[in-house]
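J.: The following block contains the structure, expressed as structure tokens.
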Amino acid sequence: MSSKILLIEDEPMLCEMVSDYLASNGYEVVGIDSYDEALSLAYECKFDIFIFDVKIIGGDGFELLSRLRESGVDTPCIFTTSLNDISDLAKGFKSGCDDYIKKPFELAELLLRIDNILKRKFSHLNSDNYIQISNNIKFDIIQKKLIKDNLPVQLAKKESDLLALFLKNRGKILSRDEIYMNLWDYGQIPSELSLRVYIRNLRKIIGEDKIISHPKLGYEYA
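Going by our numbering, the sequence shown opens with residue 96, and the numbers climb by one from there.
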């Protein structure tokens, strides 16, 4: 399963070009152009990385990222900017960004920066990106692929997303609202019944004791 990127770019042609290029390299990209829409999506959906233009409709990228960081959103962020002043660069890093790239830029360079940040993000994993679930089961946390007895196991998208979420938060009780926010995209209606089905299916594969139900609280990966 591909990593998900939120791209904010108010130049339509550049937004489309970047989105198409990253999609052709295996990423899922949501491309938008405004501050308000970006804020809503960042709160409602789970992204693996942000790519924010500094100058956006309805605000600026620096202020947007600062606001997200203050609310606890820690998704890595790359700024794209035509600004050259060192004070602007300092402002970007102070707002919480992980990297920046100056316009105009090569798409290949942007891709390298994205790949590098995601590798750092998951640096606590072993080099091949797999988390060992049991002796015969492992999960690729970046590609979101489950392997059992050296064979791939087909999972529904939300099942693989849910397993990745559990593995990243091992030992933490995740409320249903937290799970809904990470699994259901903006505009989709979360379903408790569907969530129960996903958990039941995962338990059948990785073991009944791996996912613990906490009544009225949520679920925990043990």
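Just so it is clear, CB atoms sit at the ideal spot from N, CA and C, and this is done for glycine as well.
In this text, all values refer to a predicted model and were calculated from it rather than measured experimentally.
Going by DSSP, what residue range makes up the alpha helix (DSSP H) through L262?
T.: Within the sequence shown, the letter at position 167 stands for residue 262. That run of the alpha helix (DSSP H) goes K252 to K263.
J.: Under three-state DSSP, which class holds N221?
T.: For the purposes of this step, residue 221 is identified with residue 126 of the sequence shown, where counting begins at 1. Since pLDDT at N221 reaches only 48, below the 50 mark, its modelled position is unreliable, and no value is offered.
J.: From what residue to what residue does the beta strand (DSSP E) around G126 run?
T.: Against the sequence shown, residue 126 aligns to sequence position 31. Taken as a continuous stretch (DSSP letters only), the beta strand (DSSP E) holding G126 covers E123 to I127.
J.: Counting pairs of Cβ atoms below 8 Å between the stretch 296-308 and the stretch 250-269, do you hit three or more?
T.: The stretch 296-308 vs the stretch 250-269: in contact.
J.: Take S229 as the anchor and find which of G302, K99, I152 and Y122 has the nearest alpha-carbon.
T.: In the sequence shown, the residue the question calls residue 229 occupies position 134. Looking at the Cα atoms, G302 is the closest of the given residues.
J.: Among G282, L288 and K263, which has the Cα closest to the Cα of E315?
T.: Reading the sequence shown from its first residue, position 220 is the one you call residue 315. For the residues G282, L288 and K263, the minimum Cα distance to E315 belongs to K263.
J.: Under a Cβ-count criterion, where at least 16 other Cβ atoms within 10 Å of its own Cβ denotes burial, should Y138 be classed as buried or exposed?
T.: Here residue 138 is taken as the residue at index 43 of the sequence shown, counted from 1. Classification for Y138: exposed.
J.: Which one or two residues does DSSP pair with D235 in a beta bridge?
T.: Translated into positions along the sequence shown, residue 235 becomes position 140. Answer is Y225 and K240.
J.: Following the continuous beta strand (DSSP E) through S308, name the residue where it begins and the one where it ends.
T.: As a first step, residue 308 must be located in the sequence shown, where it is residue number 213. Taken as a continuous stretch (DSSP letters only), the beta strand (DSSP E) holding S308 covers I306 to H309.
J.: Suppose contacts are defined by Cβ-Cβ distances below 8 Å. Is T170 in contact with F142 by that definition?
T.: Position 75 of the sequence shown, counting from 1, holds the residue named residue 170. Position 47 of the sequence shown, counting from 1, holds the residue named residue 142. Yes, the Cβ-Cβ distance between T170 and F142 is below 8 Å.
J.: Can you tell me which residues form a DSSP beta bridge with Y195?
T.: Counted from its first residue, the sequence shown places residue 195 at position 100. According to DSSP, which records beta bridges pairwise, Y195 is partnered with F174.
J.: Note down, in chain order, each residue of its chain lying with its Cβ closer than 6 Å to the Cβ of I268, except the 5 sequence neighbours on either side.
T.: Sequence index remark: in the sequence shown, residue 268 carries index 173 (1-based). Within the same chain, I268 has close Cβ partners H309, L312, G313 and E315.
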